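Peer 1: Letter 160 of the sequence shown, counting from 1, is numbered 202 in my numbering, and no numbers are missing.
If you scroll down you'll find the structure; I have some questions about it.
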Amino acid sequence: MNHEHQSSGQQLSPSVDAWRDVVASYQAGHALPRAAYTDPAIFELEMQGFLRDHWFCVGHEAKVREAGDYFLATLGGESIIIVRDREGTLNALVNVCRHRGSRVCLTQQGTATAGRFVCPYHAWSYGLDGRLLAARNMPEGFKNDQHGLRKLAIEVVEGLIFVTLSEKPLGLAHVRTALSGGATAYGWANAKVAFQETYRVHANWKLAVENYMECYHCQPAHPEYARRHTYARPMDQNGPADEAADARARAMGIEVEPVDFYGRAAHVGQEAADAIRSALMGESQTASRDGLGVAPLMGRFTDYDGSSVFLDVGPLSNFLAYPDHGIIYRFVPVDYQTTDLEVIWLVKSDAVEGRDYELANLTWLWQVTSEEDKRIIEHNQQGVSSRFFTPGPYSLQEAHALRFVDWYLHEMTLAADSLSQDLASVQHV
Ligand code: FES
Ligand SMILES: [Fe+2]
């Protein structure tokens with residue numbers, strides 16, 4: 043038996059065992075068992091299997107329009123350099139030097155004016171496409187072309203940059219359908235990033251995602267949001283408002299097609315995605331403090347339609363479109379008890395701060411809402427960590443959180459099965 047394989051098998055099997063226990067104690071229609079939110083072995087399995095097959099939005103293309111522009115993104119615990127090269131191609135480079143593994147790029151965002159990244163340790167230098175350009179004093183036979191930075195698959199859809207750690211990633215057909223039905227009319231491909239904020243939440247990432255997926259908590263926890271979004275009410279109260287908003291959008295020649303590709307069977311081989319249209323309250327033009335517009339209309343909008351579109355992609359990337367601004371809502375799992383919520387505000391590409399929009403006004407609602415979410419998610423984690431926690435049933439207003447949990451269980455079971463097959467084959471070596 044190969045000892046190296048044996049030891050990695052021993053490390054991974056506790057994750058599979060822990061997962062089997064979660065599945066055995068899960069009760070349909072209820073929140074997940076405590077271990078799913080508190081056991082580092084489950085987090086390990088998520089990172090090994092589940093999260094790695096998917097696509098993740100790392101930001102908007104507007105941040106890297108020119109050759110040399112780059113920013114760092116974190117994905118599954120990895121640091122990735124997103125950089126535009128001289129040919130105009132966008133690259134996702136793993137930020138790990140091919141010499142002895144130092145971080146190569148240390149600056150969060152910038153422009154590599156010399157057209158290269160120089161490792162701060164021993165000064166190997168890499169091109170914007172990841173190729174190794176120079177390494178001093180290496181022995182004869184050393185080949186630069188075998189020591190480029192590792193590259194990951196990267197795709198841009200409606201200006202949104204998606205990256206995957208997988209070598210055989212899921213397809214993006216459903217993502218393209220959902221975003222073309224949602225984001226195209228809003229002109230997101232030509233948006234600019236107005237502001238970005240990261241909220242560190244001391245809770246498991248699934249509590250943060252479930253919280254985002256349901257609005258049962260919105261009336262008690264988000265009075266500001268609930269004043270603008272009908273989504274804070276039970277769905278059966280919103281029919282007339284949704285129809286009125288649809289009619290206003292159609293009058294401008296805008297059709298937003300709601301789609302749902304999150305079901306267990308619907309997305310085989312494809313990344314999950316959905317687009318949901320939801321009216322704003324009363325005469326609200328947009329999601330702002332006073333309900334009035336906060337920035338120039340985007341895309342094909344010639345007026346406010348009184349509506350918003352929620353878009354969800356894969357397990358961690360979410361978006362929200364209003365006629366005058368957009369929100370990218372990224373969940374970044376840091377460890378099993380820590381999650382970063384990254385919120386990015388988009389406006390029309392030629393909008394000028396101070397003239398066309400005020401930052402404080404633009405960002406107010408989702409700043410307030412995200413701070414409230416941080417608090418309630420952390421309280422949720424504290425309670426879920428209690429030995430007295432037993433998962434309770436979801437309400438009718440938490441259908442999307444339940445859909446997420448159901449989908450998560452399915453995906454994780456596939457990940458655990460494939461991992462245990464790998465382990466079984468290793469044990470026969
Ligand atoms: S670790 Fe990067 S040059 Fe040595
Ligand atoms: Fe919330």
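Heads up, the beta-carbon is just placed ideally off N, CA and C, and yes, glycines get one too.
A quick note: this is a predicted structure, and the numbers were derived from the prediction, not measured.
Quick check on the burial criterion: 16 or more other C-beta atoms within 10 angstroms. Buried or exposed for alanine 321?
Peer 2: buried
Peer 1: Let me know if lysine 185 comes out buried or exposed under the rule of 16 or more other beta-carbons within 10 Å of its beta-carbon.
Peer 2: It is exposed - the Cβ of lysine 185 has fewer than 16 other Cβ atoms within 10 Å.
Peer 1: What are the complete beta strand (DSSP E) segments, minimum 3 residues, inside the stretch 109–158?
Peer 2: 111–117, 120–126, 132–136, 151–153
Peer 1: Rounded to a whole number of angstroms, what is the C-alpha to C-alpha distance between glutamate 440 and aspartate 415?
Peer 2: 16 Å
Peer 1: At a cut-off of 8 Å, would you count arginine 342 as near ligand 1, judging by its Cβ distance to the nearest heavy atom?
Peer 2: no
Peer 1: Can you give me the start and stop residues for the alpha helix (DSSP H) that glutamate 197 sits inside?
Peer 2: Element bounds for glutamate 197: not the alpha helix (DSSP H) but the beta strand (DSSP E), 196–199.
Peer 1: Can you tell me the Cα-Cα spacing of glutamate 182 and leucine 175, whole angstroms?
Peer 2: 16 Å
Peer 1: Along the chain, where does the beta strand (DSSP E) containing aspartate 382 start, and where does it finish?
Peer 2: Taken as a continuous stretch (DSSP letters only), the beta strand (DSSP E) holding aspartate 382 covers 380–390.
Peer 1: So threonine 240 is in the alpha helix (DSSP H); what residue range does that whole segment cover?
Peer 2: Note, threonine 240: premise wrong, no alpha helix (DSSP H); beta strand (DSSP E) at 233–243.
Peer 1: If we ignore side chains and look at the alpha-carbon of each, how far apart do cysteine 161 and serine 167 end up?
Peer 2: Between the C-alpha atoms of cysteine 161 and serine 167 there is a straight-line separation of about 6 Å.
Peer 1: Can you tell me whether alanine 441 is helix, strand or coil according to DSSP?
Peer 2: helix
Peer 1: What does the alpha-carbon distance come out to for the pair alanine 263 and lysine 193?
Peer 2: Rounded to the nearest angstrom, the two C-alpha atoms are 42 Å apart.
Peer 1: Give the C-beta separation of leucine 212 and aspartate 95 to the nearest angstrom, bearing in mind that I take them to be a contact with Cβ-Cβ under 8 Å.
Peer 2: 6 Å
Peer 1: By DSSP, does valine 217 sit in helix, in strand, or in coil?
Peer 2: Three-state DSSP puts valine 217 in a helix.
Peer 1: Which term fits histidine 271, buried or exposed, when burial requires 16 or more other beta carbons within 10 angstroms of its beta carbon?
Peer 2: buried
Peer 1: May I ask you to report which of helix, strand or coil DSSP gives aspartate 63?
Peer 2: Aspartate 63: helix per DSSP, three-state reduction.
Peer 1: Please give the ranges of any alpha helix (DSSP H) in the stretch 239–327, keeping only runs that are unbroken, at least 4 residues long and fully inside the region.
Peer 2: 247–255, 260–263, 265–268, 281–293
Peer 1: Pop quiz: valine 235 and leucine 388 are said to be a contact at Cβ under 8 Å. What is the actual Cβ separation, rounded to whole angstroms?
Peer 2: 6 Å
Peer 1: Under 8 Å by Cβ, that's how I've got isoleucine 97 and glycine 356 pegged, so tell me the actual separation to the nearest angstrom.
Peer 2: The question names isoleucine, but residue 97 in the sequence shown is tryptophan. Under the criterion of beta carbons closer than 8 Å, tryptophan 97 and glycine 356 qualify as touching, at roughly 5 Å.
Peer 1: Using a Cβ-Cβ cut-off of 8 Å (strictly less than) and excluding sequence neighbours within five positions of leucine 407, which residues of its own chain qualify?
Peer 2: The beta carbon of leucine 407 sits closer than 8 Å to the beta carbons of Glu266, Tyr267, Arg270, Ala329, Ser330, Arg331 from its chain, once the five residues preceding and following it are set aside; these are given in chain order.
Peer 1: Can the beta-carbon of asparagine 137 be found closer than 9 Å to that of aspartate 171?
Peer 2: Asparagine 137 places its beta carbon 9 Å or farther from that of aspartate 171.
Peer 1: Using CA atoms only, rank isn't needed, just tell me which of Cys139, Thr226, Glu86, His216 is closest to lysine 390.
Peer 2: Thr226
Peer 1: Determine which residues share a DSSP beta bridge with valine 374 and list them.
Peer 2: Asp382, per the DSSP bridge assignment.
Peer 1: Can you find the residues in the same chain that come closer than 6 Å, C-beta to C-beta, to glutamate 86, ignoring five residues on each side of it along the sequence?
Peer 2: Excluding residues within five positions, the ones whose Cβ falls inside 6 Å are Ser57.
Peer 1: Three or more beta-carbon pairs under 8 Å between the stretch 449–456 and the stretch 280–289, yes or no?
Peer 2: no
Peer 1: Spatial neighbours of arginine 445 within its chain, please: C-beta separation below 6 Å, excluding the five flanking residues on both sides.
Peer 2: The residues are Tyr304.
Peer 1: Would you identify the three-state DSSP class for glutamate 395, choosing helix, strand or coil?
Peer 2: strand
Peer 1: Check whether the Cβ atoms of arginine 275 and proline 300 sit closer than 9 Å, and answer yes or no.
Peer 2: no
Peer 1: What are the boundary residues of the alpha helix (DSSP H) that includes aspartate 415?
Peer 2: 401–426
Peer 1: I need the straight-line Cα distance from glutamine 150 to alanine 70, nearest angstrom please.
Peer 2: Spanning the two alpha carbons is a distance of roughly 43 Å.
Peer 1: Among the residues of its own chain, which have a CB less than 8 Å from the CB of methionine 294, if the five just before and after it don't count?
Peer 2: Arg342, Phe343, Thr344, Asp345, Asp347
Peer 1: In the DSSP assignment, find the unbroken alpha helix (DSSP H) run with tyrosine 79 in it and report its ends.
Peer 2: Boundaries of the alpha helix (DSSP H) around tyrosine 79: 77–80.
Peer 1: What are the partner residues of isoleucine 203, as DSSP defines its beta bridges?
Peer 2: Gly101, Val198
Peer 1: Straight-line CA distance for glutamate 384 to serine 412?
Peer 2: When rounded, the distance between both Cα atoms is 10 Å.
Peer 1: In this structure, how does DSSP classify aspartate 354 when only helix, strand and coil are distinguished?
Peer 2: strand
Peer 1: Counting along the chain, where does the beta strand (DSSP E) carrying serine 167 start and finish?
Peer 2: 167–169
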